[in-house]
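Asker:
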Amino acid sequence: MTTFTIFFCGTGSTKYDHLHKNYWNGELVATLANNIDGHEFAEWIVIDGPGSGNMQADELFTEPKAFGWTGPAFGKGWHENVQHAVNIIQGKFDWQRTKLSEADYQRLKRADVPIPDAQAHGSWFWRQYDYGNRISPQELQQQLIKNLRKGGLIPKQINLVGWSRGGVSCHMLANALLANPATRHIPVNIFAVDPVPGPLNYQLEKVSLGSNVKEYVAFYARDERSKGFSCIIPKTAPKTKVSIYPMAGRHATLVGNASLSGASGPGDLTEPGKLVRHYAEVCLTRWGTKLQRKLNLSAIEIGKLHQSIVMHEAKF
Numbered sequence: 118m119t120t121f122t123i124f125f126c127g128t129g130s131t132k133y134d135h136l137h138k139n140y141w142n143g144e145l146v147a148t149l150a151n152n153i154d155g156h157e158f159a160e161w162i163v164i165d166g167p168g169s170g171n172m173q174a175d176e177l178f179t180e181p182k183a184f185g186w187t188g189p190a191f192g193k194g195w196h197e198n199v200q201h202a203v204n205i206i207q208g209k210f211d212w213q214r215t216k217l218s219e220a221d222y223q224r225l226k227r228a229d230v231p232i233p234d235a236q237a238h239g240s241w242f243w244r245q246y247d248y249g250n251r252i253s254p255q256e257l258q259q260q261l262i263k264n265l266r267k268g269g270l271i272p273k274q275i276n277l278v279g280w281s282r283g284g285v286s287c288h289m290l291a292n293a294l295l296a297n298p299a300t301r302h303i304p305v306n307i308f309a310v311d312p313v314p315g316p317l318n319y320q321l322e323k324v325s326l327g328s329n330v331k332e333y334v335a336f337y338a339r340d341e342r343s344k345g346f347s348c349i350i351p352k353t354a355p356k357t358k359v360s361i362y363p364m365a366g367r368h369a370t371l372v373g374n375a376s377l378s379g380a381s382g383p384g385d386l387t388e389p390g391k392l393v394r395h396y397a398e399v400c401l402t403r404w405g406t407k408l409q410r411k412l413n414l415s416a417i418e419i420g421k422l423h424q425s426i427v428m429h430e431a432k433f
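Count along the sequence shown from 1, then add 117; that gives the number in my numbering.
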């Protein structure tokens, strides 16, 4: 049976951030997703964070909504992300966009694909165009899941990784799975990096975890000082194995931003990002997720990174 892994990007972050210039060796969540070994949708998915621009809107297994500035400000859109993940886990979409967009239509025309011409409706003043139907990504991905997910449609185990609001999305998904009779039996493991819900987002499903979560590992930014970046340590079930680690650096330092400000600009604070990535890879491997590329730090290398943090304490 399948061990399914889900990567939740942080606010404003996307699956392409393994190439983002603000991260010296790629943003953690996007990099882990880029390094995974397996079939996307059948064995793993990566989900863009709230306020990231809805680049995955046409691929979601549930209807997306445009939230504009409320995405990064208040996390609007993460409920749709969680429902998308639930539907992917069950291998069944509840929404699809069947009409071609103008961009899709023009791209096919430029490629000389034989498709019908766009149909115009209404008078010239408020004319609208029907660009035709298409096979939706959801149909293709749902069939891929059926063909490639081993030992049945429902995974045997789910591993979650998330940073910032992506970390809180891990909490929300675990609780959504527990509330669903079809998925409540699935054991869940979570690796969270500085889970921050943001203003007005301290509802129970975001700050607590149920008995389906078997292990919870989280790293917290020791030196984050920005307003609105208060992190949460969720309340867990008595039998959940919990490991909590403070780490030197600010909110983004832990996922590979080496700048002194924790945002952009010069800096060489690479040690926290290396350590968090190493332990994320160790946990995922132990939980059954296969990665093509890993840091594989030795005990000596880990010790040197910790020593370097102590030596450069003033920079953090």
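Don't be surprised by glycine CBs; every beta carbon is placed ideally from N, CA and C.
Enumerated in chain order, which unbroken segments of the alpha helix (DSSP H) with a length of 4 residues or greater are wholly contained in the segment 266-316?
Answerer: 282-296
Asker: Going by other Cβ atoms of all chains shown within 10 Å of its Cβ, with 16 needed for buried, is S130 buried or exposed?
Answerer: By one-based count along the sequence shown, residue 130 stands at place 13. It is buried - the Cβ of S130 has at least 16 other Cβ atoms within 10 Å.
Asker: With 16 other CB atoms within 10 Å as the buried threshold, where does G166 fall?
Answerer: Residue 166 sits at position 49 when you count from the first residue of the sequence shown. Buried is the call here.
Asker: Check each candidate in M118, A431, F433 and name the one with the smallest Cα separation from Q274.
Answerer: Stepping through the sequence shown from its first residue, residue 274 is reached at position 157. Considering only alpha carbons, the answer is M118.
Asker: Report yes if the CB atom of P304 is closer than 8 Å to the CB atom of K331, and no otherwise.
Answerer: Locating residue 304 in the sequence shown gives position 187, where the first residue counts as 1. Locating residue 331 in the sequence shown gives position 214, where the first residue counts as 1. Going by C-beta atoms, P304 is nearer than 8 Å to K331.
Asker: Sorted by chain position, which residues of the same chain lie with C-beta nearer than 6 Å to P351's C-beta, five sequence neighbours on each side aside?
Answerer: In the sequence shown, counting from the first residue as 1, residue 351 sits at position 234. Within the same chain, P351 has close Cβ partners H288, V324, S325, L326.
Asker: Measure from the alpha carbon of V359 to the alpha carbon of each residue in F158, S328, R339, then state which is nearest.
Answerer: As a first step, residue 359 must be located in the sequence shown, where it is residue number 242. It is S328.
Asker: Closer than 6 Å by C-beta to V203: which residues in its own chain qualify, once you throw out the five before and the five after it? Chain order, please.
Answerer: Counting from one through the sequence shown, the residue named residue 203 turns up at place 86. The answer, listed in chain order, is A293.
Asker: Just to check my reading of the structure: R282 and W161 have Cβ atoms closer than 8 Å, yes? What is that Cβ distance to the nearest angstrom?
Answerer: To locate residue 282, count along the sequence shown from 1; it is residue 165. To locate residue 161, count along the sequence shown from 1; it is residue 44. Going by Cβ atoms, the distance from R282 to W161 rounds to 20 Å, so no, they are not a contact pair.
Asker: Considering Cα atoms alone, identify which of T122, T148, V399 is closest to N374.
Answerer: Indexing the sequence shown from 1 puts residue 374 at position 257. If we check each option's Cα against that of N374, T148 comes out closest.
Asker: Could you spell out where the beta strand (DSSP E) holding M364 opens and where it closes?
Answerer: Within the sequence shown, residue 364 is the residue found at index 247, counting from 1. M364 -> beta strand (DSSP E) spans 358-364.
Asker: Quick one, which of N276, C126, F336 has its alpha-carbon nearest N198's?
Answerer: For the purposes of this step, residue 198 is taken as the residue at position 81 of the sequence shown. For the residues N276, C126, F336, the minimum Cα distance to N198 belongs to C126.
Asker: W161 bridges to which residues according to DSSP?
Answerer: As a first step, residue 161 is located in the sequence shown; it is residue number 44 there, counting from the start. DSSP, once it has assigned bridges, lists T122, E157 as partnering W161.
Asker: So, using beta-carbon positions, are A338 and D311 closer together than 8 Å?
Answerer: Position 221 of the sequence shown, counted from the first residue, corresponds to residue 338. Position 194 of the sequence shown, counted from the first residue, corresponds to residue 311. The answer is yes: Cβ separation under 8 Å.
Asker: Leaving out five residues before and five after Q115 in sequence, what residues of the same chain have Cβ atoms less than 7 Å from its Cβ?
Answerer: Nothing in the structure corresponds to residue 115, since the chain is present only between 118 and 433.
Asker: Round the Cβ separation of E398 and L408 to the nearest angstrom and send it over; I've been treating them as touching at under 8 Å.
Answerer: Working through the sequence shown from its first residue, we reach residue 398 at position 281. Working through the sequence shown from its first residue, we reach residue 408 at position 291. Yes, E398 and L408 are in contact; Cβ-Cβ is about 6 Å, under 8 Å.
Asker: Throw me the rounded Cβ distance for the P314 and V285 pair, which I believe falls under 8 Å.
Answerer: Counted from its first residue, the sequence shown places residue 314 at position 197. Counted from its first residue, the sequence shown places residue 285 at position 168. Confirmed, Cβ separation roughly 5 Å.
Asker: Is any heavy atom of the ligand GDP found at a distance shorter than 7 Å from the C-beta of K356?
Answerer: Among the components modelled here there is no ligand, and therefore nothing to report on the ligand GDP.
Asker: Going by CA-CA distance only, name the one from F336, E341, G345 that's closest to Y319.
Answerer: The residue labelled residue 319 in the question sits at position 202 within the sequence shown. Nearest of F336, E341, G345 to Y319, Cα basis: G345.
Asker: Tell me which residue opens and which closes the alpha helix (DSSP H) that Y337 is part of.
Answerer: As a position in the sequence shown, residue 337 is number 220, starting the count at 1. Counting along the chain, Y337 falls outside any alpha helix (DSSP H), though it belongs to the beta strand (DSSP E) covering 330-338.
Asker: Skipping 5 residues on each side, what residues in its chain have a beta carbon closer than 6 Å to that of F308?
Answerer: Position 191 of the sequence shown, counted from the first residue, corresponds to residue 308. Within the same chain, F308 has close Cβ partners V278, V334, A397, C400.
Asker: Helix, strand or coil: which one does DSSP assign to S415?
Answerer: Counted from its first residue, the sequence shown places residue 415 at position 298. In the three-state DSSP reduction, S415 falls in the coil class, being neither helix nor strand.
Asker: For G495 and E256, what's the separation of their Cα atoms in angstroms?
Answerer: Residue numbering for the chain in the displayed model covers 118 to 433; residue 495 lies beyond these limits and cannot be assessed.
Asker: Strictly by DSSP, which residues pair up with K352?
Answerer: Residue 352 sits at position 235 when you count from the first residue of the sequence shown. Bridge partners of K352: S325.
Asker: So which of K356, N139, P389 has the shortest CA-CA distance to P363?
Answerer: Residue 363 sits at position 246 when you count from the first residue of the sequence shown. Among K356, N139, P389, the Cα nearest to that of P363 belongs to P389.
Asker: If you draw a straight line from the C-alpha of S213 to the C-alpha of L177, how long is it?
Answerer: As a first step, residue 213 is located in the sequence shown; it is residue number 96 there, counting from the start. As a first step, residue 177 is located in the sequence shown; it is residue number 60 there, counting from the start. It is Gln, not Ser, that sits at residue 213 in the sequence shown. Linking Q213 to L177 through their CA atoms gives a straight-line distance of about 8 Å.
Asker: Mind reading off the beta-carbon distance from I164 to Q207? Whole number of angstroms is fine, and I expect it under 8 Å.
Answerer: Looking up residue 164 in the sequence shown gives position 47. Looking up residue 207 in the sequence shown gives position 90. Going by Cβ atoms, the distance from I164 to Q207 rounds to 16 Å, so no, they are not a contact pair.
Asker: What does L408 pair with, by DSSP beta-bridge criteria?
Answerer: In the sequence shown, the residue the question calls residue 408 occupies position 291. In DSSP, L408 forms a bridge with I153.
Asker: State the start and end residues of the unbroken alpha helix (DSSP H) segment that holds T402.
Answerer: Translated into the one-based positions of the sequence shown, residue 402 becomes position 285. 388-403 is the extent of the alpha helix (DSSP H) around T402.
Asker: Buried or exposed: D134, going by 16 or more other Cβ atoms within 10 Å of its Cβ?
Answerer: Residue numbering aside, residue 134 sits at position 17 when the sequence shown is read from its first letter. Under a 10 Å Cβ-count criterion, D134 is classified as buried, with 16 or more other Cβ atoms of the shown protein chains found around its own Cβ.
Asker: Between the alpha carbons of P452 and E341, how many angstroms are there, rounded?
Answerer: Residue 452 lies beyond the range of the chain shown here (118 to 433); nothing can be said about it.
Asker: Do you know how far the Cα of I262 is from the Cα of F210?
Answerer: Along the sequence shown, read from residue 1 onward, the residue named residue 210 stands at position 93. Along the sequence shown, read from residue 1 onward, the residue named residue 262 stands at position 145. When rounded, the separation of the alpha-carbon atoms in F210 and I262 is 11 Å.
Asker: Who are the near neighbours of T179 in its chain, counting only those whose CB is closer than 7 Å to its CB and skipping five residues on each side?
Answerer: On the sequence shown, position 62 is the one that residue 179 refers to. Result list for T179: E197, Q200, H201, N204, D211, W212, in chain order.
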